[in-house]
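S.K.: The numbering of the sequence shown is full-length UniProt numbering, which starts it at 1 and goes up by one.
Below is one structure. I have some questions about it.
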Amino acid sequence: MWYVSTRGMAPRVDFEGALFSGYAPDGGLFMPEELPHLDRETLRAWSTLSYPGLVKELCALFIGPELIPRDDLHDLIDRAFRRFRLREVVRLARLRDGLNVLELWHGVTYAFKDLSLCCTAQFLQYFLEKRDKHVTVIVGTSGDTGSAAIESVQGAKNVDIIVLLPKGHCSKIQELQMTTVLKENVHVFGVEGTSDELDEPIKAVFADAAFARQHNLMSLNSINWARVLVQMAHHFYAYFQCVASLDTHPLPPVEVVVPTGAAGNVTAGCIAQKMGLPIRLVVAVNRNDIIHRAVQQGDFSLSAAVTPTLASAMDIQVPYNMERIFWLLSGSDSQVTRALMEQFEKTQGLKLPKELHSKLSEAVTSESVSDAAITQTMRRCWDENRYLLCPHSAVAVSCHYRQTAGQQPSIPRCCLAPASAAKFPEAVLAAGLSPETPAEILALEHKETRCTMMRREDDWTLMLRATVEDISRRWGGHSLPASQ
């Protein structure tokens with residue numbers, strides 16, 4: 001299995017190359033050169049698998065056995081999920097009026113990103129140990145990615161991690177989950193800016209290809225293909241749990257509602273669709289609605305500013321994974337994708353070509369949800385089911401309530417729940433409900449914290465480069481071979 005850049009100007013790489021790269025050298029994102037098509041028999045065979053079982057099958061399709069033999073792959077995935085609070089890793093809550101909520105948040109940091117990052121970190125350490133190398137991971141976060149990435153590699157001997165978080169723009173719990181990890185290989189910065197603004201110094205550091213190669217830098221944001229790969233399992237599991245029967249021909253559809261910011265989970269769903277999984281995707285966003293506008297009107301352009309919302313992890317202006325979706329829907333046309341993305345980077349705005357817009361609106365439908373609708377949904381779900389939603393999950397469930405108006409949905413529908421309500425007590429209180437906070441989250445309040453500020457007047461890129469150089473000095477300048 002080979003991976004190519006969405007912009008078509010970089011050499012193709014294998015899974016190991018894509019894993020260690022983040023952005024491709026031409027500024028694009030890696031995608032599989034070809035997608036396997038799953039026939040009806042394969043889908044039926046997969047329908048009885050557990051969530052970890054589905055992750056194993058999907059990873060085996062996209063990672064050659066010559067890179068990670070199948071037995072090793074199974075061990076790595078079992079190890080990745082070892083610290084989850086549920087043996088089955090994820091759980092489907094079947095609630096009133098056909099509301100199905102897939103809980104993706106039973107990992108250590110109570111967010112869905114634990115699922116893909118735990119696996120990605122295992123793959124990473126597998127290759128690093130084999131090659132006796134060290135990497136420095138740089139992560140920009142709007143809330144959950146940072147803590148899940150830290151959790152997945154803290155204390156690892158071959159990995160240092162630098163996390164940039166938007167000071168004051170994520171919940172107190174999210175921030176504490178990052179700043180209370182005092183391991184030597186964890187370096188946390190609090191940036192006086194939004195999550196989009198803190199992406200700029202990260203992009204600048206990766207854009208210096210010689211520097212990135214010299215210091216062996218990589219990213220674990222959802223630009224990393226390995227994360228999108230694992231997230232495909234959410235869609236397969238949701239489908240198999242919610243479909244009425246696999247005996248009809250053609251296989252019946254299931255609607256999957258995906259609350260999203262950077263569009264990683266949506267990309268995973270679009271790939272699953274292309275592979276033959278009969279899902280209909282609904283993209284659910286908050287008031288930062290660039291994806292919604294792209295689907296509805298073909299308008300892929302930035303708003304004047306990020307709007308702070310209760311679903312803060314989705315307060316994102318630049319959903320970078322849309323580049324993968326444009327490439328996928330344009331029939332893997334890297335020329336078209338490159339031209340579109342270069343124009344977007346230059347002008348911050350884009351009118352999608354007519355054909356691409358119509359393909360996008362065929363592949364997904366979309367809704368934008370206000371804070372008022374989020375709190376209303378959280379209250380209604382509690383009143384009807386005694387079930388607490390986090391504000392991001394409420395964005396998805398709001399779409400369900402809007403569609404059904406008290407009726408059973410015409411086709412089964414599954415809402416992805418990316419985080420536990422326990423992480424967002426402020427939003428739970430805003431909905432007039434009582435937060436339920438687990439003991440390990442309460443304990444964060446009393447732990448020592450460590451965080452370096454990046455102030456408005458500082459040169460963030462310079463600070464980031466200096467930290468990277470410092471880590472390399474400590475490691476004696478280890479780096480992967482130039483081919484990586």
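Heads up, the beta-carbon is just placed ideally off N, CA and C, and yes, glycines get one too.
If you're wondering where the values come from, they're calculated on a predicted model, not measured in any experiment.
1) Runs of 3 residues minimum, wholly inside the UniProt domain "Threonine synthase N-terminal" (3–81): which ones carry the beta strand (DSSP E) assignment?
2) Can you give, in chain order, each stretch of the alpha helix (DSSP H) that sits fully within the segment 163–237 and has at least 4 residues?
3) Would you mind working out which of A304, L35 and H392 sits nearest L329, comparing C-alpha positions?
4) With a threshold of 16 other CB atoms inside 10 Å of the CB of T6, please say whether the residue is buried or exposed.
5) If I follow the unbroken beta strand (DSSP E) through R96, where does it start and stop?
6) Return the first residue and the last residue of the beta strand (DSSP E) that I279 is part of.
7) Quick check: what's the CA-CA separation for H134 versus V159?
8) Give the straight-line distance between the Cα atoms of G22 and N221, rounded to the nearest whole angstrom.
9) Among residues of its own chain, excluding the 5 on either side of E448, which ones have a beta-carbon nearer than 8 Å to its beta-carbon?
10) Quick check on the DSSP output: what are the complete alpha helix (DSSP H) runs of length 4 or more inside the segment 288–324, in order along the chain?
11) Just tell me which of P52, P319, T109 and L99 has its CA closest to the CA of residue 485.
12) Could you say if the segment 384–392 and the segment 248–257 meet the contact criterion of at least three C-beta pairs nearer than 8 Å?
13) What did DSSP end up calling E448 once you bin it into helix, strand or coil?
14) Taking the DSSP output, what are the residues bridged to I161?
15) Using 7 Å as the limit for Cβ to Cβ distance, is D333 near chain D?
16) Between which residues of its own chain and E103 is the CB-CB distance below 7 Å, once the five residues before and five after are set aside?
17) What is the rounded straight-line gap between the Cα of A427 and the Cα of D458?
18) Using the Cα positions of V108 and E355, report the straight-line distance between them to the nearest angstrom.
19) How is P481 classed by DSSP in three states: helix, strand or coil?
20) Taking the beta strand (DSSP E) that T365 falls in, what are its first and last residues?
21) So, does the segment 233–242 touch the segment 257–269, judging by three or more C-beta pairs under 8 Å?
22) Any idea what DSSP makes of V397, helix, strand or coil?
23) Would you tell me roughly how many angstroms separate the C-alpha atoms of K423 and G143, rounded to the nearest one?
24) Taking a contact to mean a Cβ-Cβ separation below 7 Å, would you say V369 touches V397 in this structure?
25) Measure the C-alpha to C-alpha separation of V364 and L95 and round it to an integer number of angstroms.
26) For M454, is the beta carbon positioned less than 6 Å from some heavy atom of the ligand HEM?
27) What is the C-beta distance between Q125 and A156, in whole angstroms, given that I count them as a contact (C-beta under 8 Å)?
28) If we call anything under 7 Å between Cβ atoms a contact, is I374 one with L433?
29) Closer than 8 Å by C-beta to V205: which residues in its own chain qualify, once you throw out the five before and the five after it? Chain order, please.
30) From which residue to which residue does the beta strand (DSSP E) around residue 529 run?
31) Tell me, please, which residues DSSP counts as bridged to A419.
32) Can you name the residues that DSSP bridges to R338?
33) Rank G298, A10 and Q174 by C-alpha distance to the C-alpha of I441 and give the top, closest one.
34) Roughly how many angstroms lie between the CA atoms of A482 and F15, to the nearest whole one?
M.R.: Taking the geometry as given:
1) 3–5 and 30–32
2) 172–179, 195–207 and 209–214
3) L35
4) buried
5) First-last for R96: undefined, no H or E at that position.
6) I279 to V285
7) 6 Å
8) 8 Å
9) T180 and L182
10) 290–297
11) The question about residue 485 has no answer here: the residues shown for the chain are numbered 1 through 484.
12) no
13) Here E448 sits in coil by DSSP.
14) V137 and V186
15) The chain labelled as chain D is not found in the depicted structure, where only one protein chain is given.
16) V90, R91, A93 and A417
17) 32 Å
18) 43 Å
19) Below a pLDDT of 50, predicted positions are generally treated as unreliable, and P481, at 43, falls in that range; no measurement from the model is reported.
20) V364 to S368
21) yes
22) V397: helix per DSSP, three-state reduction.
23) 10 Å
24) With contacts defined as CB atoms closer than 7 Å, V369 and V397 fail to qualify as a contacting pair.
25) 24 Å
26) As presented, the structure is devoid of all ligands, the ligand HEM included, so that no description of it is given.
27) 6 Å
28) no
29) I138, F211, A212, L217, T461, L464, R465 and V468
30) Past the edges of the chain, shown from 1 to 484, lies residue 529, and the structure says nothing about it.
31) A111
32) DSSP lists no partner for R338.
33) Q174
34) Caution applies to A482, whose pLDDT of 39 falls short of 50 and renders its modelled position unreliable; the value that the coordinates give is listed next. Their backbone Cα atoms lie some 16 Å apart in a straight line.
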